[in-house]
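Residue numbers (this note's numbering): 1 to 326.
Where is the CB? At the ideal position from N, CA and C, for every residue including glycine.
Read through the structure below, which is laid out as C-alpha coordinates, and then see the notes.
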Amino acid sequence: MKVLITGVTSFLGVYTALQLLGEDHEVIGAVRPGSKNEAVLDERGITKYSNYRTVYMDFDELPDAECGEEHFAEFVEKSGDGGKVIDAWIHFAWDGIGSAGRENTDIQIQNIENAKKAYIMAKLLGAKKFIFAGSQAEYGDGNHRSPRPISPYGKAKRAFGRWATEQSLLGQIYDKDAMQFIHMRIFSVYGDGDHKTSLVNTVLKGSIKKTPVVLGPCVQRWNYLEVRDCARAISILIESNDTRTDVYDIAGSDSRVLKKYVQAMNEIAGGGAELEFGMRSNNAEGGFSMSPEILKLQRLGFKQEISFEDGIGELVEKKRMELEAG
(Lines of atoms letter the chains of each structure in order from A and count residues from 1; the text may use other names and numbers.)
(Lines give C-alpha, C1' and ligand atoms only; values in the text may rest on other atoms or scores of the structure.)
Protein backbone atom coordinates (compact mmCIF):
# COMPACT_ATOMS: atom_id res chain seq x y z
CA MET A 1 0.00 0.00 0.00
CA LYS A 2 1.02 3.60 -0.55
CA VAL A 3 0.56 5.71 2.58
CA LEU A 4 1.07 9.46 2.96
CA ILE A 5 1.88 10.72 6.46
CA THR A 6 1.56 14.35 7.50
CA GLY A 7 3.49 15.07 10.68
CA VAL A 8 5.96 12.31 9.80
CA THR A 9 8.71 14.02 11.85
CA SER A 10 6.63 13.83 15.03
CA PHE A 11 7.12 11.21 17.76
CA LEU A 12 4.20 9.10 16.52
CA GLY A 13 4.91 9.87 12.87
CA VAL A 14 8.44 8.49 13.03
CA TYR A 15 7.46 5.18 14.62
CA THR A 16 4.44 4.72 12.36
CA ALA A 17 6.61 5.31 9.29
CA LEU A 18 9.18 2.77 10.52
CA GLN A 19 6.45 0.20 11.20
CA LEU A 20 4.93 0.59 7.74
CA LEU A 21 8.28 0.65 5.95
CA GLY A 22 9.27 -2.54 7.77
CA GLU A 23 6.10 -4.14 6.39
CA ASP A 24 7.12 -3.12 2.85
CA HIS A 25 4.49 -0.43 2.43
CA GLU A 26 5.44 2.62 0.38
CA VAL A 27 5.54 5.68 2.65
CA ILE A 28 5.42 9.30 1.54
CA GLY A 29 6.38 11.68 4.34
CA ALA A 30 4.89 15.17 4.02
CA VAL A 31 7.21 17.74 5.62
CA ARG A 32 6.73 21.47 6.01
CA PRO A 33 9.36 23.37 3.95
CA GLY A 34 12.20 24.48 6.23
CA SER A 35 11.10 22.20 9.08
CA LYS A 36 13.71 22.14 11.85
CA ASN A 37 12.63 18.58 12.66
CA GLU A 38 13.40 17.05 9.26
CA ALA A 39 16.78 15.75 10.45
CA VAL A 40 15.00 13.16 12.60
CA LEU A 41 14.14 11.24 9.43
CA ASP A 42 17.85 10.62 8.84
CA GLU A 43 18.61 10.06 12.52
CA ARG A 44 15.95 7.36 12.82
CA GLY A 45 16.95 5.65 9.57
CA ILE A 46 13.72 6.38 7.70
CA THR A 47 15.40 7.89 4.64
CA LYS A 48 17.51 4.73 4.17
CA TYR A 49 14.46 2.79 3.01
CA SER A 50 14.05 2.60 -0.76
CA ASN A 51 10.27 2.59 -0.28
CA TYR A 52 10.31 6.01 1.41
CA ARG A 53 10.30 9.49 -0.06
CA THR A 54 9.72 12.99 1.28
CA VAL A 55 7.40 15.58 -0.25
CA TYR A 56 7.20 19.18 0.94
CA MET A 57 3.80 20.55 1.75
CA ASP A 58 2.77 23.86 3.32
CA PHE A 59 -0.91 23.83 4.21
CA ASP A 60 -0.92 27.63 4.31
CA GLU A 61 -0.40 27.61 0.53
CA LEU A 62 -3.45 25.44 -0.09
CA PRO A 63 -6.86 26.97 -0.81
CA ASP A 64 -9.29 27.38 2.07
CA ALA A 65 -11.18 24.15 2.72
CA GLU A 66 -14.46 25.98 2.18
CA CYS A 67 -13.47 26.74 -1.45
CA GLY A 68 -14.42 23.20 -2.36
CA GLU A 69 -12.81 20.26 -4.08
CA GLU A 70 -12.51 21.92 -7.49
CA HIS A 71 -9.92 24.38 -6.16
CA PHE A 72 -7.90 21.55 -4.66
CA ALA A 73 -8.14 19.57 -7.88
CA GLU A 74 -6.56 22.51 -9.67
CA PHE A 75 -3.79 22.66 -7.06
CA VAL A 76 -3.10 18.92 -7.40
CA GLU A 77 -2.95 19.22 -11.19
CA LYS A 78 -0.51 22.15 -11.02
CA SER A 79 1.73 20.36 -8.53
CA GLY A 80 2.02 17.34 -10.80
CA ASP A 81 0.66 14.95 -8.18
CA GLY A 82 -2.58 14.19 -9.98
CA GLY A 83 -1.49 10.76 -11.16
CA LYS A 84 -0.03 9.62 -7.85
CA VAL A 85 -2.81 7.66 -6.23
CA ILE A 86 -2.43 6.83 -2.54
CA ASP A 87 -4.20 4.16 -0.52
CA ALA A 88 -4.28 5.92 2.85
CA TRP A 89 -3.47 9.25 4.48
CA ILE A 90 -2.43 9.46 8.14
CA HIS A 91 -2.79 12.93 9.65
CA PHE A 92 -0.51 13.55 12.63
CA ALA A 93 0.20 17.22 11.81
CA TRP A 94 -1.20 19.35 14.62
CA ASP A 95 0.35 22.45 16.20
CA GLY A 96 0.00 23.55 19.81
CA ILE A 97 0.27 20.20 21.57
CA GLY A 98 2.10 21.53 24.64
CA SER A 99 0.21 22.73 27.71
CA ALA A 100 0.21 26.40 26.61
CA GLY A 101 -0.62 25.57 22.99
CA ARG A 102 -3.58 23.45 24.03
CA GLU A 103 -5.16 26.59 25.49
CA ASN A 104 -4.50 28.72 22.37
CA THR A 105 -7.79 28.95 20.51
CA ASP A 106 -6.31 30.60 17.41
CA ILE A 107 -3.78 27.79 16.92
CA GLN A 108 -6.45 25.14 17.38
CA ILE A 109 -8.83 26.78 14.90
CA GLN A 110 -6.04 26.80 12.30
CA ASN A 111 -5.44 23.11 13.04
CA ILE A 112 -9.06 22.35 12.16
CA GLU A 113 -8.75 24.25 8.87
CA ASN A 114 -5.52 22.46 7.94
CA ALA A 115 -6.98 19.06 8.80
CA LYS A 116 -9.94 19.79 6.51
CA LYS A 117 -7.49 20.64 3.72
CA ALA A 118 -5.68 17.35 4.31
CA TYR A 119 -8.97 15.43 4.18
CA ILE A 120 -9.94 16.99 0.84
CA MET A 121 -6.46 16.36 -0.60
CA ALA A 122 -6.58 12.72 0.50
CA LYS A 123 -9.94 12.23 -1.18
CA LEU A 124 -8.70 13.76 -4.44
CA LEU A 125 -5.58 11.58 -4.37
CA GLY A 126 -7.73 8.46 -4.20
CA ALA A 127 -7.19 7.44 -0.58
CA LYS A 128 -9.53 4.76 0.71
CA LYS A 129 -8.84 5.66 4.34
CA PHE A 130 -8.12 8.91 6.15
CA ILE A 131 -6.64 8.08 9.54
CA PHE A 132 -6.75 10.95 12.02
CA ALA A 133 -4.68 11.19 15.19
CA GLY A 134 -7.28 12.34 17.66
CA SER A 135 -6.80 12.33 21.42
CA GLN A 136 -8.30 11.10 24.67
CA ALA A 137 -8.55 14.85 25.46
CA GLU A 138 -11.70 14.79 23.32
CA TYR A 139 -13.49 12.93 26.10
CA GLY A 140 -12.72 15.51 28.82
CA ASP A 141 -15.05 14.96 31.75
CA GLY A 142 -17.52 13.05 29.57
CA ASN A 143 -17.54 9.53 28.20
CA HIS A 144 -17.60 7.65 24.88
CA ARG A 145 -21.27 8.33 24.26
CA SER A 146 -21.12 11.94 25.40
CA PRO A 147 -17.64 13.49 25.10
CA ARG A 148 -17.14 16.83 26.86
CA PRO A 149 -13.66 18.13 26.01
CA ILE A 150 -12.23 20.79 28.32
CA SER A 151 -9.36 22.45 26.45
CA PRO A 152 -9.45 24.18 23.04
CA TYR A 153 -7.13 21.36 21.91
CA GLY A 154 -9.63 18.64 22.79
CA LYS A 155 -12.53 20.67 21.40
CA ALA A 156 -10.71 21.24 18.10
CA LYS A 157 -9.82 17.58 17.66
CA ARG A 158 -13.43 16.61 18.28
CA ALA A 159 -14.77 19.34 15.98
CA PHE A 160 -12.69 18.12 13.06
CA GLY A 161 -13.62 14.52 13.83
CA ARG A 162 -17.33 15.33 13.66
CA TRP A 163 -16.89 17.22 10.38
CA ALA A 164 -14.87 14.42 8.75
CA THR A 165 -17.25 11.71 9.98
CA GLU A 166 -20.15 13.55 8.38
CA GLN A 167 -18.21 13.97 5.13
CA SER A 168 -17.33 10.28 5.02
CA LEU A 169 -20.82 9.01 5.82
CA LEU A 170 -22.42 11.34 3.28
CA GLY A 171 -19.96 10.08 0.67
CA GLN A 172 -20.88 6.49 1.44
CA ILE A 173 -24.53 7.20 0.66
CA TYR A 174 -23.57 7.75 -2.97
CA ASP A 175 -20.50 5.52 -3.22
CA LYS A 176 -19.99 2.34 -1.21
CA ASP A 177 -16.23 2.66 -1.81
CA ALA A 178 -16.04 6.23 -0.49
CA MET A 179 -13.10 7.17 1.72
CA GLN A 180 -13.40 5.89 5.29
CA PHE A 181 -12.63 8.23 8.17
CA ILE A 182 -10.77 6.39 10.93
CA HIS A 183 -10.87 8.59 14.01
CA MET A 184 -8.18 7.38 16.41
CA ARG A 185 -8.45 8.65 19.95
CA ILE A 186 -4.92 8.08 21.17
CA PHE A 187 -4.38 7.80 24.90
CA SER A 188 -0.99 8.21 26.61
CA VAL A 189 1.92 6.96 24.49
CA TYR A 190 5.50 6.82 25.76
CA GLY A 191 8.85 5.68 24.41
CA ASP A 192 12.28 6.65 23.15
CA GLY A 193 12.08 10.00 21.37
CA ASP A 194 9.15 11.42 23.32
CA HIS A 195 9.33 15.04 24.48
CA LYS A 196 11.94 15.55 27.19
CA THR A 197 9.37 17.16 29.50
CA SER A 198 6.87 14.28 29.32
CA LEU A 199 5.84 12.79 32.65
CA VAL A 200 7.71 9.55 31.95
CA ASN A 201 10.95 11.31 31.03
CA THR A 202 10.65 13.69 33.99
CA VAL A 203 10.20 10.89 36.51
CA LEU A 204 12.96 8.72 35.05
CA LYS A 205 15.40 11.62 35.00
CA GLY A 206 14.59 12.43 38.63
CA SER A 207 15.01 8.81 39.66
CA ILE A 208 18.35 8.36 37.89
CA LYS A 209 19.75 11.70 39.10
CA LYS A 210 18.19 11.29 42.56
CA THR A 211 16.38 14.63 42.48
CA PRO A 212 12.84 15.59 43.62
CA VAL A 213 10.00 15.38 41.11
CA VAL A 214 7.11 17.82 41.62
CA LEU A 215 3.80 16.24 40.57
CA GLY A 216 0.08 16.81 40.53
CA PRO A 217 -2.24 14.67 42.67
CA CYS A 218 -2.06 11.78 40.13
CA VAL A 219 -5.27 10.23 41.46
CA GLN A 220 -6.99 9.71 38.09
CA ARG A 221 -7.01 6.42 36.21
CA TRP A 222 -4.50 6.36 33.37
CA ASN A 223 -3.40 4.19 30.47
CA TYR A 224 0.07 3.97 28.96
CA LEU A 225 0.98 2.34 25.64
CA GLU A 226 4.52 1.94 24.30
CA VAL A 227 4.98 3.80 21.02
CA ARG A 228 5.86 0.68 18.98
CA ASP A 229 2.60 -0.95 20.08
CA CYS A 230 0.82 2.25 19.04
CA ALA A 231 2.45 2.05 15.60
CA ARG A 232 1.35 -1.58 15.28
CA ALA A 233 -2.22 -0.58 16.09
CA ILE A 234 -2.15 2.08 13.39
CA SER A 235 -0.78 -0.42 10.88
CA ILE A 236 -3.68 -2.76 11.64
CA LEU A 237 -6.18 0.05 11.04
CA ILE A 238 -4.58 0.70 7.65
CA GLU A 239 -4.40 -2.92 6.53
CA SER A 240 -7.67 -4.32 7.90
CA ASN A 241 -10.61 -4.88 5.57
CA ASP A 242 -12.96 -4.81 8.55
CA THR A 243 -12.66 -1.14 9.53
CA ARG A 244 -15.42 1.39 8.99
CA THR A 245 -15.90 5.11 9.53
CA ASP A 246 -15.77 5.14 13.32
CA VAL A 247 -13.88 6.12 16.47
CA TYR A 248 -11.13 3.74 17.63
CA ASP A 249 -9.49 4.15 21.03
CA ILE A 250 -5.74 3.52 20.82
CA ALA A 251 -4.61 2.31 24.23
CA GLY A 252 -3.23 -0.63 26.13
CA SER A 253 -5.03 -3.29 28.13
CA ASP A 254 -3.51 -2.18 31.46
CA SER A 255 -5.12 0.86 33.13
CA ARG A 256 -4.00 1.99 36.59
CA VAL A 257 -4.23 4.97 38.91
CA LEU A 258 -1.60 7.39 37.60
CA LYS A 259 0.15 7.48 40.97
CA LYS A 260 0.78 3.72 40.70
CA TYR A 261 2.32 4.21 37.26
CA VAL A 262 4.60 6.96 38.58
CA GLN A 263 5.70 4.86 41.54
CA ALA A 264 6.43 1.94 39.19
CA MET A 265 8.56 4.16 36.94
CA ASN A 266 10.58 5.37 39.90
CA GLU A 267 11.06 1.85 41.24
CA ILE A 268 12.17 0.44 37.86
CA ALA A 269 14.69 3.28 37.49
CA GLY A 270 16.20 2.62 40.92
CA GLY A 271 13.86 4.50 43.24
CA GLY A 272 16.08 7.56 43.49
CA ALA A 273 13.45 10.26 43.01
CA GLU A 274 11.56 11.93 45.84
CA LEU A 275 8.03 11.99 44.46
CA GLU A 276 6.21 15.12 45.63
CA PHE A 277 2.56 14.38 44.81
CA GLY A 278 -0.05 17.14 44.94
CA MET A 279 2.47 19.98 44.69
CA ARG A 280 1.31 21.26 41.30
CA SER A 281 -2.01 21.67 39.52
CA ASN A 282 -3.27 19.48 36.70
CA ASN A 283 -2.56 20.43 33.07
CA ALA A 284 -4.96 21.97 30.56
CA GLU A 285 -7.01 18.76 30.35
CA GLY A 286 -7.75 18.59 34.07
CA GLY A 287 -7.46 15.48 36.21
CA PHE A 288 -10.07 13.30 34.57
CA SER A 289 -9.72 9.53 34.43
CA MET A 290 -9.03 7.55 31.27
CA SER A 291 -11.36 4.69 30.40
CA PRO A 292 -10.37 3.42 26.96
CA GLU A 293 -12.60 0.98 25.12
CA ILE A 294 -10.28 -1.13 22.96
CA LEU A 295 -12.58 -4.02 22.04
CA LYS A 296 -13.06 -2.70 18.48
CA LEU A 297 -9.28 -2.55 18.04
CA GLN A 298 -8.79 -6.01 19.54
CA ARG A 299 -11.39 -7.48 17.19
CA LEU A 300 -9.22 -6.28 14.31
CA GLY A 301 -6.34 -8.30 15.73
CA PHE A 302 -4.49 -5.83 17.97
CA LYS A 303 -2.80 -7.13 21.09
CA GLN A 304 -0.48 -5.16 23.36
CA GLU A 305 2.96 -6.78 23.11
CA ILE A 306 5.13 -4.57 25.35
CA SER A 307 4.22 -4.45 29.04
CA PHE A 308 4.65 -1.19 30.92
CA GLU A 309 7.42 -2.68 33.04
CA ASP A 310 9.34 -3.94 29.99
CA GLY A 311 8.90 -0.70 28.08
CA ILE A 312 10.04 1.45 30.99
CA GLY A 313 12.93 -0.90 31.73
CA GLU A 314 14.21 -0.51 28.18
CA LEU A 315 13.74 3.24 28.34
CA VAL A 316 15.66 3.52 31.63
CA GLU A 317 18.79 2.06 30.04
CA LYS A 318 18.63 4.55 27.18
CA LYS A 319 17.99 7.39 29.62
CA ARG A 320 21.01 6.43 31.71
CA MET A 321 23.25 6.52 28.63
CA GLU A 322 21.83 9.90 27.59
CA LEU A 323 22.47 11.43 31.02
CA GLU A 324 25.95 9.96 31.24
CA ALA A 325 26.78 11.39 27.82
CA GLY A 326 25.67 14.80 29.04
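Less than 7 angstroms divides the Cβ of Lys-157 from the Cβ of Ser-135. Taking all protein chains in view, the Cβ of Met-57 is crowded by 16 or more other Cβ atoms within 10 Å, so the residue is classified as buried.
DSSP places Asn-282 in the coil class of the three-state scheme, outside both helix and strand. Within the model, the alpha-carbon separation for Gly-98 versus Ser-188 is close to 14 angstroms. For Phe-277 and Asp-192, the gap between their C-alpha atoms comes out near 25 angstroms. In the DSSP annotation of this structure, the continuous segment of the beta strand (DSSP E) that includes Ala-133 starts and ends at 129-135.
Three or more beta-carbon pairs separated by less than 8 angstroms are not found between the segment 316-324 and the segment 242-254, which leaves the two stretches without contact. Per DSSP, reduced to three states, the secondary structure at Ile-250 is strand. Around the beta carbon of Ser-168, 16 or more other beta carbons lie within 10 angstroms, which makes this residue buried. Segment contact: the segment 288-299 against the segment 193-206, fewer than three CB-CB distances shorter than 8 angstroms; contact not assigned. Between the segment 101-113 and the segment 16-23 there are fewer than three C-beta pairs closer than 8 angstroms, too few to call the two in contact. In the three-state DSSP reduction, Arg-102 falls in the helix class (H, G or I).
Around the beta-carbon of Thr-105, fewer than 16 other beta-carbon atoms lie within 10 Å, marking it exposed.
Nearest C-alpha to Lys-260 among Ile-5, Leu-323, Gln-220: Gln-220. For the pair Ala-127 and Met-179, the CB atoms are nearer than the 7 angstroms cut-off. Secondary structure within the segment 179-220: the beta strand (DSSP E) runs of 3 or more consecutive residues, fully enclosed, are 180-186, 188-190, 212-214 (chain order). With a threshold of 16 other beta carbon atoms within 10 Å, Asn-241 falls short and is exposed. In the structure shown, Lys-2 falls within a strand segment according to DSSP collapsed to helix, strand and coil. Between Phe-92 and Gly-13, the CB-CB gap stays under 7 angstroms.
Ile-97 carries a coil assignment under DSSP once its states are collapsed to helix, strand and coil. Boundaries of the alpha helix (DSSP H) harbouring Arg-162: 152-174, taken from the DSSP string.
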